[in-house]
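Enquirer: For the sequence shown, numbering that gives the first Met the number 0 begins at 0 and goes up steadily by one. Where is the CB? At the ideal position from N, CA and C, for every residue including glycine.
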Amino acid sequence: MIPLKKKETDKKPVVKKAAKPEKKAVIKTVKAAPKKAVKKNDKKSESAAKKVQPASDKTDEVKALNPGITGKEIPLKKKENPASRFYSLLTGEDKEEKEIEEIDPEALARGDEPMSIVGHLDELRSRVLIILASFMLITAVAFYFSDHLVYYVNKPFLDSGNKLNIFTLVGGFMLKFKVSAATALFILVPMIIFQIWRFIVPAIERKNRTFSRLTIVSAVLLFYSGAAFVFFILLPAAIKVMLSFVGPEMISTIGADDYLNFILFSSLIMGVLFEVPVIILVLTRLGIVSPQFLISKRKYAILIIWIIAAIVTPQPDPLSQSLVGVPLMLLYEISIIISKIVAIRERKKLNS
0 MIPLKKKETD KKPVVKKAAK PEKKAVIKTV KAAPKKAVKK NDKKSESAAK KVQPASDKTD
60 EVKALNPGIT GKEIPLKKKE NPASRFYSLL TGEDKEEKEI EEIDPEALAR GDEPMSIVGH
120 LDELRSRVLI ILASFMLITA VAFYFSDHLV YYVNKPFLDS GNKLNIFTLV GGFMLKFKVS
180 AATALFILVP MIIFQIWRFI VPAIERKNRT FSRLTIVSAV LLFYSGAAFV FFILLPAAIK
240 VMLSFVGPEM ISTIGADDYL NFILFSSLIM GVLFEVPVII LVLTRLGIVS PQFLISKRKY
300 AILIIWIIAA IVTPQPDPLS QSLVGVPLML LYEISIIISK IVAIRERKKL NS
């Protein structure tokens with residue numbers, strides 16, 4: 000019995016020693032497992048990075064085509080359906096994503112940077128807001144001097160010995176406001192044309208920008224010439240002729256509002272009609288109109304001119320119509336001469 004007890008006591012330490020290495024082995028296997036998984040994940044990440052690498056190459060190509068792009072790199076993407084794109088623009092979704100198409104190097108050379116539809120609309124809105132703010136400011140300043148403006152506007156009629164009449168309670172205020180707004184509009188004509196030109200100038204080639212500047216300056220000068228022709232030449236003569244039909248037994252009660260509307264309408268129409276040489280110049284430069292075409296259609300142009308003269312003049316008398324029709328006929332002949340000069344220059348450019 001004694002030796003058996005000794006054997007049991009001997010087995011106990013053996014069991015304890017065998018248990019310790021097993022626990023250590025388990026711990027080692029548990030710690031080693033994540034290292035293998037990490038290696039596998041590293042291999043996957045490296046393969047994924049290799050797959051993603053062509054997208055960066057595409058962005059580099061985009062940067063090479065368009066060096067003006069700065070900021071975040073925008074990868075290329077497939078073209079969307081126009082209907083879905085329009086819906087996204089209306090709803091305000093997908094504002095940060097922009098489609099990058101192939102850019103014309105000539106467009107970049109003349110400063111025509113690529114813009115989305117929203118970018119063009121933002122630029123147009125900013126220019127319209129500048130015009131509206133300037134119009135309101137100049138109208139407010141002109142309203143402060145409205146008494147002097149109304150006097151100069153009514154002076155051709157007052158020189159005839161008559162006075163204008165106001166038939167409503169707010170007629171005086173509205174008259175001053177209309178005169179102030181019309182003054183602001185006539186002052187802002189160069190600025191309006193300049194803002195339009197600045198909006199479209201990136202699409203114009205550099206060699207044609209000098210021609211466009213001269214065309215704009217000529218258009219502004221001709222518009223003011225037409226308005227001045229109405230106010231200083233046509234209007235005094237027309238007033239005398241029209242008042243001559245009023246007999247001594249009648250009293251003329253002409254409204255100030257009607258008189259102002261007549262001046263504004265006549266000035267605007269004549270200002271536009273005085274733009275005929277500039278319009279013919281541009282059309283000839285574009286190849287739409289030729290001098291031979293203008294010469295062959297001269298008789299129809301004369302008929303249209305006299306119809307316009309009858310519409311513009313309030314009283315269809317020969318004197319008033321002649322004051323409008325004769326200058327327009329001269330402008331048409333000047334347009335033919337300008338068209339010939341432009342056509343000759345274009346032929347020389349083609350031959351050279």
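Please report how far the alpha carbon of L302 lies from the alpha carbon of S321, in whole angstroms.
Expert: Near 13 Å, if we compare the C-alpha coordinates of S321 and L302.
Enquirer: Whole angstroms is fine: what's the gap from A139's alpha carbon to F210's?
Expert: Their Cα atoms are separated by approximately 36 Å.
Enquirer: Do three or more CB pairs link the segment 167 to 176 to the segment 126 to 134 at distances below 8 Å?
Expert: The segment 167 to 176, when compared against the segment 126 to 134, does not touch it at the 8 Å Cβ threshold.
Enquirer: Check this for me: beta carbons of M269 and I304, under 8 Å apart or not?
Expert: No. Outside cutoff.
Enquirer: Which residues in the same chain as P155 place their Cβ atom closer than 7 Å to its Cβ, once the five residues preceding and following it in sequence are excluded?
Expert: Taken in chain order, the residues that qualify are L234, P235 and I238.
Enquirer: Note down the Cα distance separating M249 from I165, rounded to an integer number of angstroms.
Expert: For M249 and I165, the distance between alpha carbons rounds to 19 Å.
Enquirer: Please identify the residue among R297, D256 and F185 whose C-alpha is closest to the C-alpha of K162.
Expert: When only C-alpha atoms are compared, the closest one is D256.
Enquirer: Whether or not the segment 215 to 231 and the segment 134 to 149 are in contact is what I'm after, with contact meaning three or more pairs of Cβ atoms, one per stretch, closer than 8 Å; do they touch?
Expert: These segments do not touch.
Enquirer: Are the CB atoms of P247 and S334 within a distance shorter than 8 Å?
Expert: The answer is no: Cβ separation not under 8 Å.
Enquirer: Among F261, R284 and Q291, which one has its Cα closest to the Cα of I310?
Expert: If we check each option's Cα against that of I310, F261 comes out closest.
Enquirer: Identify whether G225 lies in helix, strand or coil by the three-state DSSP scheme.
Expert: Here G225 sits in helix by DSSP.
Enquirer: Would you give the residue range spanned by the alpha helix (DSSP H) that A241 belongs to?
Expert: Reading the sequence as shown, one finds Met at residue 241 and not Ala. Its alpha helix (DSSP H) spans residues L234 to L242.
Enquirer: Pull up the distance between the alpha-carbon of Q194 and that of A183, whole angstroms please.
Expert: Distance between the alpha carbons of Q194 and A183 is about 16 Å.
Enquirer: Checking the sheet assignment: what are the DSSP bridge partners for N164?
Expert: According to DSSP, N164 bridges with G254.
Enquirer: Quick one: what does DSSP say M249 is sitting in, helix, strand or coil?
Expert: M249: coil per DSSP, three-state reduction.
Enquirer: Nearest by alpha-carbon distance to R344: which of L280, E332 and K298 is it?
Expert: Answer by Cα proximity: L280.
Enquirer: Run through DSSP, which three-state label would D158 get?
Expert: Coil, per DSSP.
Enquirer: Terminal residues of the continuous alpha helix (DSSP H) containing K175?
Expert: K175 -> alpha helix (DSSP H) spans G170 to I186.
Enquirer: From this set, V288, T312, K298 and T283, which residue's C-alpha is nearest F264's C-alpha?
Expert: It is T312 whose Cα lies nearest to the Cα of F264.
Enquirer: Quick check: what's the CA-CA separation for I336 versus L293?
Expert: Between I336 and L293, the C-alpha separation is close to 10 Å.
Enquirer: Among the residues of its own chain, which have a CB less than 8 Å from the CB of F228, if the five just before and after it don't count?
Expert: M269, F273 and P326.
Enquirer: Give the straight-line distance between the Cα atoms of A300 and F134, rounded to the nearest whole angstrom.
Expert: Taking the straight line joining both Cα atoms gives about 36 Å.
Enquirer: Just to confirm, is the Cβ distance from F198 to R126 under 8 Å?
Expert: Yes; because the gap between Cβ atoms is below 8 Å, this pair is in contact.
Enquirer: Buried or exposed: V271, going by 16 or more other Cβ atoms within 10 Å of its Cβ?
Expert: So V271 ends up on the exposed side.
Enquirer: In terms of alpha-carbon separation, which member of L136, G118 and G286 lies closest to I186?
Expert: Comparing Cα positions, the closest option is L136.
Enquirer: Output the distance between the C-alpha atoms of N153 and R205, rounded to the nearest integer angstrom.
Expert: If I take the Cα positions, the gap works out to 47 Å.
Enquirer: State the DSSP-derived secondary structure class of F230, mapped to helix, strand or coil.
Expert: Three-state result, F230: helix.
Enquirer: Quick check: the Cα distance between M190 and V245, rounded to an integer number of angstroms?
Expert: Cα to Cα, the separation comes out at about 43 Å.
Enquirer: At a Cβ threshold of 8 Å, is L148 touching chain C?
Expert: The structure shown contains no chain C, having only a single protein chain.
Enquirer: Could you check what DSSP says for P201 in three-state terms: helix, strand or coil?
Expert: It is helical.
Enquirer: Are the CB atoms of S266 and A226 within a distance shorter than 8 Å?
Expert: The answer is yes: Cβ separation under 8 Å.
Enquirer: Using three-state DSSP, classify T283 as helix, strand or coil.
Expert: Helix.
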